[in-house]
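Participant:
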Amino acid sequence: MSESFAQLFPSTRRLCYLNHAAIAPWPSTVSQAVQAFAEENTQFGARDYDAWMAREDDCRQRFADLLNASGDDIALLKNTSEGLSVVAQGLPWQAGDNIVIPDCEFPSNWLPWAKLESRGVELRSCDIHVAEPEQALQQACDERTRLVAVSAIQYADGLRLQLPRLGRFCRQHGILFCVDAIQQLGMLPLDVQACQIDFLSADAHKWLLGPEGLAVFYTRPEVREQLQLNQTGWRQMDNPFQFQRDVWEPSATARRFEPGSPNMLGIVATHAALGLLLEIGMSQVAQAALGNAEYLRSQLAARDDIEILGPQAPERRSAIVNFRPRGLSPKKLYQDLREARVISALRGAGIRLSPHFYQSTELLDQGLAKIAGLLDLASS
Ligand SMILES: Cc1ncc(COP(=O)(O)O)c(C=O)c1O
Numbered sequence: 009m010s011e012s013f014a015q016l017f018p019s020t021r022r023l024c025y026l027n028h029a030a031i032a033p034w035p036s037t038v039s040q041a042v043q044a045f046a047e048e049n050t051q052f053g054a055r056d057y058d059a060w061m062a063r064e065d066d067c068r069q070r071f072a073d074l075l076n077a078s079g080d081d082i083a084l085l086k087n088t089s090e091g092l093s094v095v096a097q098g099l100p101w102q103a104g105d106n107i108v109i110p111d112c113e114f115p116s117n118w119l120p121w122a123k124l125e126s127r128g129v130e131l132r133s134c135d136i137h138v139a140e141p142e143q144a145l146q147q148a149c150d151e152r153t154r155l156v157a158v159s160a161i162q163y164a165d166g167l168r169l170q171l172p173r174l175g176r177f178c179r180q181h182g183i184l185f186c187v188d189a190i191q192q193l194g195m196l197p198l199d200v201q202a203c204q205i206d207f208l209s210a211d212a213h214k215w216l217l218g219p220e221g222l223a224v225f226y227t228r229p230e231v232r233e234q235l236q237l238n239q240t241g242w243r244q245m246d247n248p249f250q251f252q253r254d255v256w257e258p259s260a261t262a263r264r265f266e267p268g269s270p271n272m273l274g275i276v277a278t279h280a281a282l283g284l285l286l287e288i289g290m291s292q293v294a295q296a297a298l299g300n301a302e303y304l305r306s307q308l309a310a311r312d313d314i315e316i317l318g319p320q321a322p323e324r325r326s327a328i329v330n331f332r333p334r335g336l337s338p339k340k341l342y343q344d345l346r347e348a349r350v351i352s353a354l355r356g357a358g359i360r361l362s363p364h365f366y367q368s369t370e371l372l373d374q375g376l377a378k379i380a381g382l383l384d385l386a387s388s
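In my numbering, the protein residues as written are 9 to 388.
1. Apply the 10 Å Cβ neighbour rule to Tyr57 and answer buried if 16 or more other Cβ atoms are within range, or exposed otherwise.
2. If contact is defined by three or more beta carbon pairs under 8 Å, each pair taking one atom from either stretch, is the segment 194-207 in contact with the segment 244-255?
3. So Arg154 is in the beta strand (DSSP E); what residue range does that whole segment cover?
4. Between which two residues does the alpha helix (DSSP H) holding Cys67 run?
5. Can you tell me which residues form a DSSP beta bridge with Asn247?
6. Closest to Ala157 by C-alpha separation, out of Ala139, Arg132, Ile82, would be which residue?
7. How would you label Ala148, buried or exposed, when you count the other beta carbons within 10 angstroms and need 16 or more for buried?
8. Report the option in Thr153, Arg311, Ser306 whose CA atom is closest to the CA atom of Thr369.
9. Spatial neighbours of Lys123 within its chain, please: CB distance less than 7 Å, with the 5 preceding and 5 following residues excluded, ordered by chain position.
10. Can you list, in chain order, the residues of its chain with a C-beta nearer than 8 Å to that of Arg228? Leave out the 5 residues immediately preceding and following it.
11. Indicate whether the contact test is met: 3 or more Cβ pairs, each with one atom in the segment 46-66 and one in the segment 285-300, closer than 8 Å.
12. Less than 7 Å between C-beta atoms, sequence neighbours within five positions excluded: which residues of the same chain meet that for Ile275?
13. Can you list, in chain order, the residues of its chain whose CB lies under 8 Å from that of His181, leaving out five sequence neighbours each side?
14. Compare the beta carbon distance of Arg360 and Ala54 with 8 Å and say whether it is the shorter of the two.
15. Please list the terminal residues of the continuous alpha helix (DSSP H) segment that includes Leu193.
16. Going straight from the alpha carbon of Val187 to that of Glu220, what length do you get?
17. Mind checking whether the beta-carbon of Thr278 lies closer than 7 Å to any heavy atom of ligand 1?
18. Can the beta-carbon of Thr240 be found closer than 8 Å to that of Pro270?
19. Measure the alpha-carbon distance for Leu119 versus Cys178 and round it to whole angstroms.
20. Touching or not, the segment 86-94 and the segment 105-113, by the rule of three or more beta carbon pairs under 8 Å?
21. Sorted by chain position, which residues of the same chain lie with C-beta nearer than 8 Å to Gly98's C-beta, five sequence neighbours on each side aside?
22. What would DSSP say about Phe185, mapped onto helix, strand or coil?
23. Considering only their Cβ atoms, is the gap separating Leu16 from Ile351 smaller than 8 Å?
24. Using a threshold of 7 Å, is the CB atom of Ile190 nearer than that to any non-hydrogen atom of ligand 1?
25. Buried or exposed, going by whether 16 or more other CB atoms sit within 10 Å of the CB of Ser362?
26. Is Thr153 near ligand 1, going by C-beta to nearest heavy atom under 7 Å?
27. Since Leu84 is in the beta strand (DSSP E), which residue starts that stretch and which ends it?
28. On a CA-only basis, which of Ala189, Lys214, Asp211 is nearest Cys203? Give me that one, please.
29. Within 10 angstroms of the Cβ of Leu174, are there 16 or more other Cβ atoms? Answer buried if so, exposed if not.
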C-alpha cells in the first residue's frame with residue numbers, strides 16, 4: 009500500500025519525514041485543491057460562494073464520518089487549543105469542582121484548565137505512566153470531579169489511552185469526558201459514540217495531513233448547551249445570511265461555536281486531506297502507520313546504543329516512537345539527522361519519530377541507516 013500512495017507525497021523524494029506528530033507534509037491532492045482555490049479567487053472572487061458553503065458543509069460531514077458523529081455535532085474552529093478553551097470557559101464551574109488530567113499533557117490540554125484555578129477549580133494531574141493509566145485517572149476522581157480531559161495519545165512518547173474504558177467510567181459517574189484527539193485523528197480510527205466522548209478537539213496539521221489553523225470541535229448534542237457562548241457573531245445562527253430578524257438565537261447545532269466568516273482556505277485543504285483518508289479507509293491507514301512505527305521500533309531496539317522510551321505494551325503503543333541514543337546527546341543526533349534529510353523532533357527525553365501510512369520500508373531503511381551511521385561515527 010505504501011508504494012501506491014507514496015507518489016501522492018512528493019516529500020518522499022526529498023526527505024525521510026518522520027515528524028507527522030508535529031506538522032505533516034501535504035499530499036499533492038491537498039496542494040492541488042489549494043492551488044485551484046487560489047486561482048478561482050483570483051479569477052472569479054467569491055462568485056460561486058454557494059459551492060464554497062457546500063464544501064464547508066461537506067468538510068464538517070467528513071469530520072463527522074471520521075468520528076462516527078453527525079455533521080451537526082461538528083464546529084470548524086482554529087485549533088485544538090481553541091476547542092478546549094471553549095469547553096473550559098463555557099462550563100458553569102463552581103468553586104470546589106475539580107478536573108482530572110494526565111500530568112504529561114501538551115500545554116494545550118492543561119493551560120485552559122489551569123486558568124480555572126483562579127475561580128476555585130482544582131486541577132488534579134495524575135501520573136499515567138503506570139501499568140493501568142485509566143485506573144489511575146479513575147482513582148483521582150471523586151464526587152466533585154466535573155471533567156476528565158486527556159490526550160488520546162501522548163505527544164511525547166505515544167502512550168495510547170483506552171478511551172472507551174475512560175468514557176464508560178465518566179458517563180457512569182456523571183463526569184464530562186473531553187479528548188484532545190490531535191495525536192490520534194488520521195492515525196487511528198476514533199469513534200466518539202463508542203468512546204462516550206462529550207467534547208473533542210483536534211487541529212488538522214498532524215496525522216490528518218491538512219493545514220494548520222483548521223480544527224474539528226465535536227460536542228455531544230446532549231451536553232452542548234451546557235457550554236455558555238463567549239463569542240458572538242452572525243455565522244452562529246441557522247440561515248446566517250438572513251440579516252434581518254427579530255430573534256437572534258444561536259443554532260442548536262455545533263454551528264453555535266462559529267461566530268464569523270470561516271477559514272475557507274483551511275477548509276479547502278482539510279476537505280481534500282480528509283477525502284484522501286476516508287477514501288483509503290482509517291483501518292488501512294492505521295494498520296500501515298502502526299506497522300511502520302513497529303518496524304522502526306524493532307530495528308532501533310536491536311541496537312545496544314539505543315534505548316526505546318515510552319510504552320512497552322503493544323496495546324499502549326501508537327505510530328509515535330521515542331528513543332534515546334546512548335553516548336550521544338539527543339539534540340546532536342536530531343540536528344545531524346536533519347542535515348541528513350531525516351526529519352524528527354526532540355520531545356520528552358529523546359528523539360521522536362512519527363511515520364505515516366504512505367511511507368515505504370525502503371524509505372524507513374534510509375532513515376535507519378542514517379541513524380546507525382551517525383551513532384557508529386560517534387562511537388568510533
Ligand atoms: C497533544 C497535543 N495537543 C495539542 C497540540 C497543538 O494544539 P493546537 O492545535 O492548539 O496548536 C499538539 C501539538 O503538538 C499536541 O501534541
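Glycine included, every Cβ here is placed at the ideal spot set by N, Cα and C.
Being a predicted model, the structure only gives us computed values, none of them experimental.
Facilitator: In terms of the structure at hand:
1. Tyr57 is exposed by the Cβ-count criterion.
2. The answer is no - the segment 194-207 does not touch the segment 244-255, with fewer than three Cβ pairs under 8 Å.
3. Per DSSP, Arg154 belongs to the beta strand (DSSP E) from 153-159.
4. Start and end: 57-75.
5. Secondary-structure assignment with DSSP links Asn247 through no beta bridge to anything.
6. When only C-alpha atoms are compared, the closest one is Arg132.
7. So Ala148 ends up on the buried side.
8. The residue with the shortest Cα to Cα distance from Thr369 is Ser306.
9. Counting only Cβ-Cβ distances below 7 Å, and skipping sequence neighbours, we find Ala96.
10. Beyond the five residues adjoining it in sequence on each side, Arg228 comes within less than 8 Å, by CB distance, of Asp81, Val200, Ile205, Asp206, Phe207 in the same chain, given in chain order.
11. These segments do not touch.
12. Cβ neighbours of Ile275 beyond the five flanking positions: Arg63, Glu64, Cys67, Leu84, Leu222.
13. Once the five neighbours on either side are set aside, the close Cβ partners of His181 are Cys149, Thr153.
14. It is not a contact, given that the beta carbons lie outside the stated cut-off.
15. Per DSSP, Leu193 is not a residue of any alpha helix (DSSP H), being assigned neither H nor E.
16. Near 19 Å, if we compare the C-alpha coordinates of Glu220 and Val187.
17. Look at Thr278: its beta carbon is at least 7 Å from all of the heavy atoms in ligand 1.
18. No, these two residues do not count as a Cβ contact at 8 Å.
19. Distance between the alpha carbons of Leu119 and Cys178: 22 Å.
20. Contact fails: fewer than three Cβ-Cβ distances are below 8 Å.
21. Shown here for Gly98: same chain residues with a beta carbon closer than 8 Å to its own, the five before and five after excluded, namely Gln234, Leu235, Gln236, Leu237, Asn238 in chain order.
22. Strand at Phe185.
23. Taking 8 Å as the Cβ cut-off, Ile351 and Leu16 do not qualify as a contacting pair.
24. Indeed, a heavy atom of ligand 1 lies less than 7 Å from the Cβ.
25. Here Ser362 is buried, its C-beta having at least 16 other C-beta atoms within 10 Å.
26. No; taking the cut-off as 7 Å, the Cβ of Thr153 has no heavy atom of ligand 1 nearer than that.
27. From DSSP, the beta strand (DSSP E) with Leu84 extends over 82-85.
28. Selected option, being the one with the closest Cα: Ala189.
29. That one is buried.
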